[in-house]
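Protein sequences appear in the order of chains A and B.
According to my numbering, the stretch in the first sequence is residues 1 to 387, in order.
According to my numbering, the stretch in the second sequence is residues 388 to 622, in order.
We put the beta carbon where it would ideally sit given N, CA and C, even for glycine.
Source: prediction; values computed, not measured.
Working notes, structure below.
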Amino acid sequence: MISTGINGIDEMLGGGIPGGSTVLYSMEPGVDGQLFMISTLISALSKGLSCLVILPHTTFDVFKHDAARKRGCTLDIFNKKIVFVDVVDRERIVKSSRSRSEAQRAWEKKVKKVCTENAVDVVFVYLDLLYEDLGLDGALAIADTAKISKETTIIVEHLNLEGRPLMNTFISHSSFDLIITIGSAVSFMPQFNYFTLLHTSWSQIPSRSVPFITAEGKVVPYIPKIVVTGPAQAGKSTFVTNASDIGFSVDRRGTTGDPTTVAMDFGWLRWKDFDITLYGTPGQQRFDSLVPTLLSHAMGVVLLIDATKPQALERARHHLQLIQDKHLPMIVAANKSDLPDTMSDSEIRKELRLRKEVPIFFISATRKADVRLVLESLVDFITQFSY
Amino acid sequence: MYNYKSGITQIDQVTGGLEAGTNFLVLAPPMSLAEELAYSLTRPLTGEYAIVLSTNDRAAEVIDAFKVMNVDKRYVGTIDAITKSSTPGITDTNRLMFVASPTDLTGIGIKFSKMIELIFDGDFSDGESGLFPPPVRFCVNSISTLLMYRKLEVLYQFLHVVTSKVKKIDGVGFYLLNNESFDEKTISLIKQLMNGVIEIKIEQNLQYFRIQGLKEVSSEWMKFSVQKGQVVIGS
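Structure, rendered in structure tokens:
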């Protein structure tokens, strides 16, 4: 396996890119997604793999400077493991070729020679100008030529000016084993960038879009909203606090003297290169009107119940209905399971009328490890969920 | 809806300025005042911002051209597609960004989006803030150069994205194209992406322009010159 250099994506892919695969990073115009290819390149080089970078649009010198600035580390330390075919080679080929087929042969000869002489393991191709010079089939044939063994991996970056139809062509022709598209939600104001795992040939991962940010030279998948909801006194504030690297709770002392959430809990954490923001809803009935608003645009939900209080499950059913109305990925966490007289899995399922594919975790929200396990499973669930 | 003053009385008095979200092709022969006219139209007024994509001149030359017009440089950004090939180590700032070459449409798109984002975030002008939502004037100097490096179909698709973005942010765009170097088909294809065409001609060493696409403005030829960035009609 070759890491994409982005832990969150590796997790979603089940460990990374299998050797010998052909991968496409397809970018919408204007989206800063160049770090995806560069992250994978640095990851391959760090693993000691020999890499060829085909850069028909620029010189290797400019590329090295750009990569160093974007990623915050120099490519010079990998000099023995990296070779380039760049704009100078393209100009030479363009000048010396009288026809497209002649140019095609010259490219194939050049790429094959470099790959063989340097025993290249991974080839990184910037496709756009090859596409323009040789046509789509011709450009893809260059990538094929670079496959000097079954284990040679090809990574392609492409500026997609043709939109979804081109992606559909790639999928229907099985041109790539993995297609990740990188887009941006822009309306009047620039909003956020996201990537989509559009297609994988080696697993049944559903197509999934995840927002991302770039920070400190890294692509960080970002889950902007996970909601923790459930009946009052189930332990939601404790859950959010223990899950978060930074967290806040808006509490007031309730009628029993215990603090109760009156607006929401809020927390932020970074887990396995995912940035996650958590929102805890208030559980008291008088705040029920807030819950649908807090659930809107959530990417996943933890329904937290008190495993020692069967009488509170009716309230939990109300929350469950709200979640199901929005068709959100959900996990049930049965809190206080370290106490005596807790309900069993089957009792909870029966009372909540839960489908068998919804997992139930028996936890204590006071234990960080339990809380993190729930979130870890929910992130997996979010990235695999079939809507 | 915001209106962008063109600085040309004959246009501004009739229309109140160029409508937000519109794109104009500046079609001109070589050796004309096309660049001066386009820069004059791109000049940001108080509270506005300007972005120039330069495929012909270095960023320093673009900034100098705006300095002549007494423009506060904190409101002008340049995407330079020239300098980097000779100075690979040159680094971007918030208002000066560099792409590998005019072939690098990926880079151009990214830098354009970045500048827009910096303007919207208020990080563009050294803490100074303009109007909000920010009015942005955008100039491509020139499509002619881009066409020398990329195929028409590709460039058409790319410009479609760029002009749509200008429209989305309620900006105004000016795109220079040499009308003597390209055939009718090329020019008419590019025209399809525009809301109007500003055409320049030279006769007996005098320069004329006309605007097509602005309803209230006559499309008659007007003699003009540009003095310190100001378009002067009839001189």
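At which residues does the alpha helix (DSSP H) containing A/Thr229 begin and terminate? Sequence index remark: in the first sequence, residue 229 of chain A carries index 229 (1-based). Premise fails: A/Thr229 lies in the beta strand (DSSP E), Lys218 to Thr229, not in any alpha helix (DSSP H).
Taking only runs that begin and end inside the region 345 to 377 of chain A, name each unbroken beta strand (DSSP E) of 3 or more residues, in chain order. 360 to 362
How would you label B/Asn566, buried or exposed, when you count the other beta carbons within 10 angstroms and need 16 or more for buried? As a first step, residue 566 of chain B is located in the second sequence; it is residue number 179 there, counting from the start. Counting every other CB atom within 10 Å of its CB across the protein chains shown gives B/Asn566 a total of 16 or more, marking it as buried.
Would you say B/Asp510 lies against chain D (beta-carbon separation less than 8 Å)? Chain labels in this structure do not include chain D; the protein chains are A and B.
May I ask you to verify whether the region 230 to 248 of chain A touches the region 304 to 319 of chain A, counting CB pairs closer than 8 Å and requiring at least 3? yes
Look up A/His199 in the DSSP assignment and give the residues it is bridged to. Start at 1 with the first residue of the first sequence, and residue 199 of chain A comes out as number 199. Per DSSP, A/Ile179.
Is any beta-carbon of chain A found at less than 8 Å from that of B/Asp491? For the purposes of this step, residue 491 of chain B is identified with residue 104 of the second sequence, where counting begins at 1. Judged by the 8 Å Cβ criterion, B/Asp491 is in contact with chain A.
Kindly list, in the order they appear in chain A, the residues whose Cβ is closer than 8 Å to that of B/Arg537. Counting from one through the second sequence, the residue named residue 537 of chain B turns up at place 150. Those within 8 Å of B/Arg537 in chain A are Glu132.
Using a Cβ cut-off of 9 Å, which residues of the region 20 to 46 of chain A contact any Cβ in chain B, in chain order? Met27, Glu28, Pro29, Gly30, Val31, Asp32, Gly33 and Gln34
Per the DSSP calculation, A/Met271 is bridged to which residue(s)? For this step, residue 271 of chain A is matched to residue 271 along the first sequence. Reading the sequence as shown, one finds Trp at residue 271 of chain A and not Met. Paired residues: A/Phe274.
Considering only their Cβ atoms, is the gap separating A/Val332 from A/Gly280 smaller than 8 Å? In the first sequence, the residue the question calls residue 280 of chain A occupies position 280. In the first sequence, the residue the question calls residue 332 of chain A occupies position 332. A distance of 8 Å or more separates the beta carbons of A/Gly280 and A/Val332.
Stretch pair the region 539 to 555 of chain B + the region 159 to 166 of chain A: three plus CB contacts closer than 8 Å: Yes: the two stretches touch, three or more of their Cβ pairs being nearer than 8 Å.
With C-beta atoms as the reference, is A/Ile305 less than 8 Å away from A/Gly230? What you label residue 305 of chain A is simply residue 305 of the first sequence in a count that begins at 1. What you label residue 230 of chain A is simply residue 230 of the first sequence in a count that begins at 1. Between A/Ile305 and A/Gly230, the CB-CB gap stays under 8 Å.
Kindly indicate if chain A contains any beta-carbon less than 8 Å away from that of B/Lys552. Within the second sequence, numbered from 1, the residue matching residue 552 of chain B stands at position 165. Taking Cβ atoms only, chain A reaches closer than 8 Å to B/Lys552, which makes this a yes.
Return the residue from the list B/Asn582, B/Phe569, B/Lys501 and B/Asn592 that minimises the CA-CA distance to A/Phe192. Sequence index remark: in the first sequence, residue 192 of chain A carries index 192 (1-based). For the residues B/Asn582, B/Phe569, B/Lys501 and B/Asn592, the minimum Cα distance to A/Phe192 belongs to B/Lys501.
In the region 25 to 98 of chain A, which residue ranges form an unbroken beta strand (DSSP E) of at least 3 residues, counting only runs that do not cross its ends? 51 to 54 and 82 to 85
Which one of A/Thr383, A/Pro29, A/Pro310 and A/Ala334 has the shortest CA to CA distance from B/Ser551? Residue 551 of chain B sits at position 164 when you count from the first residue of the second sequence. Nearest C-alpha to B/Ser551 among A/Thr383, A/Pro29, A/Pro310 and A/Ala334: A/Pro29.
Taking contact to mean 3 or more Cβ pairs, one atom from each stretch, closer than 8 Å, check whether the region 81 to 89 of chain A and the region 100 to 115 of chain A are in contact. yes
Would you call the CB atoms of B/Leu440 and B/Ile495 closer than 8 Å? Along the second sequence, one-based indexing puts residue 440 of chain B at 53. Along the second sequence, one-based indexing puts residue 495 of chain B at 108. A contact, by the Cβ cut-off of 8 Å.
Taking the alpha-carbon positions, what's the B/Ser568 to A/Ser97 distance? Start at 1 with the first residue of the second sequence, and residue 568 of chain B comes out as number 181. Start at 1 with the first residue of the first sequence, and residue 97 of chain A comes out as number 97. B/Ser568 and A/Ser97: Cα-Cα distance of roughly 25 Å.
Suppose contacts are defined by Cβ-Cβ distances below 8 Å. Is A/Ile246 in contact with A/Trp271 by that definition? Taking the first sequence and counting its residues from 1, the one referred to as residue 246 of chain A is at position 246. Taking the first sequence and counting its residues from 1, the one referred to as residue 271 of chain A is at position 271. No.
I need the DSSP call for B/Asn582, collapsed to helix, strand or coil. Numbered from 1 along the second sequence, position 195 holds the residue referred to as residue 582 of chain B. Here B/Asn582 sits in coil by DSSP.
Roughly how many whole angstroms lie between the Cα atoms of B/Leu412 and B/Arg445? The count along the second sequence starts at 1 and reaches residue 412 of chain B at position 25. The count along the second sequence starts at 1 and reaches residue 445 of chain B at position 58. Between B/Leu412 and B/Arg445, the C-alpha separation is close to 22 Å.
Here's the rule I'm using: 16 or more other beta-carbon atoms within 10 Å means buried, otherwise exposed. How should A/Pro340 be labelled? Here the question's residue 340 of chain A lines up with position 340 in the first sequence. By the Cβ-count criterion, A/Pro340 is exposed, with fewer than 16 other Cβ atoms from all chains shown falling within 10 Å of its own Cβ.
If you compare alpha carbons, which of A/His319, A/Thr293 and A/Thr214 is closest to A/Arg353? One-based indexing of the first sequence puts residue 353 of chain A at position 353. Minimum Cα distance to A/Arg353 is reached at A/His319.
What in chain A is Cβ-close to B/Gly496, meaning under 8 Å? In the second sequence, residue 496 of chain B corresponds to position 109, counting from 1. Within chain A, the residues near B/Gly496 are Pro29, Gly30, Val31 and Leu159.
Does B/Phe499 have its Cβ less than 8 Å from a Cβ in chain A? Here residue 499 of chain B corresponds to residue number 112 of the second sequence, with the count starting at 1. Chain A, which has a Cβ nearer than 8 Å to the Cβ of B/Phe499, makes this yes.
At 9 Å on the CB atoms, spell out the chain B contacts of A/Asp397, in chain order. Because chain A spans 1 through 387 in this model, residue 397 of chain A falls outside it and cannot be assessed.
On the three-pair Cβ rule with 8 Å, is the region 547 to 561 of chain B touching the region 517 to 524 of chain B? yes
Quickly, what does DSSP pair A/His173 with across the bridge? List them, please. Sequence index remark: in the first sequence, residue 173 of chain A carries index 173 (1-based). Paired residues: none, contrary to the question.
Where B/Phe596 falls: helix, strand or coil (DSSP): Within the second sequence, numbered from 1, the residue matching residue 596 of chain B stands at position 209. The answer is strand: DSSP assigns B/Phe596 an E or B state.
So, helix, strand or coil for B/Lys503, using DSSP? Your numbering for residue 503 of chain B matches position 116 in the second sequence. Note on residue identity: the sequence assigns Ile, not Lys, to residue 503 of chain B. Looking at B/Ile503 - three-state DSSP - the assignment turns out to be helix.
Start and end residues, alpha helix (DSSP H) containing A/Asn7: Translated into the one-based positions of the first sequence, residue 7 of chain A becomes position 7. Residues Asn7 to Leu13.
The ligand NAD and A/Gln104: does the residue's C-beta get closer than 7 Å to at least one heavy atom of that ligand? Absent from the structure shown: the ligand NAD. Ligands present: none.
Three-state secondary structure (DSSP) at B/Glu515? Here residue 515 of chain B refers to the residue found at position 128 when the second sequence is read from its first residue. Coil.
Three Cβ pairs or more, each shorter than 8 Å: is that satisfied between the region 600 to 609 of chain B and the region 578 to 586 of chain B? yes
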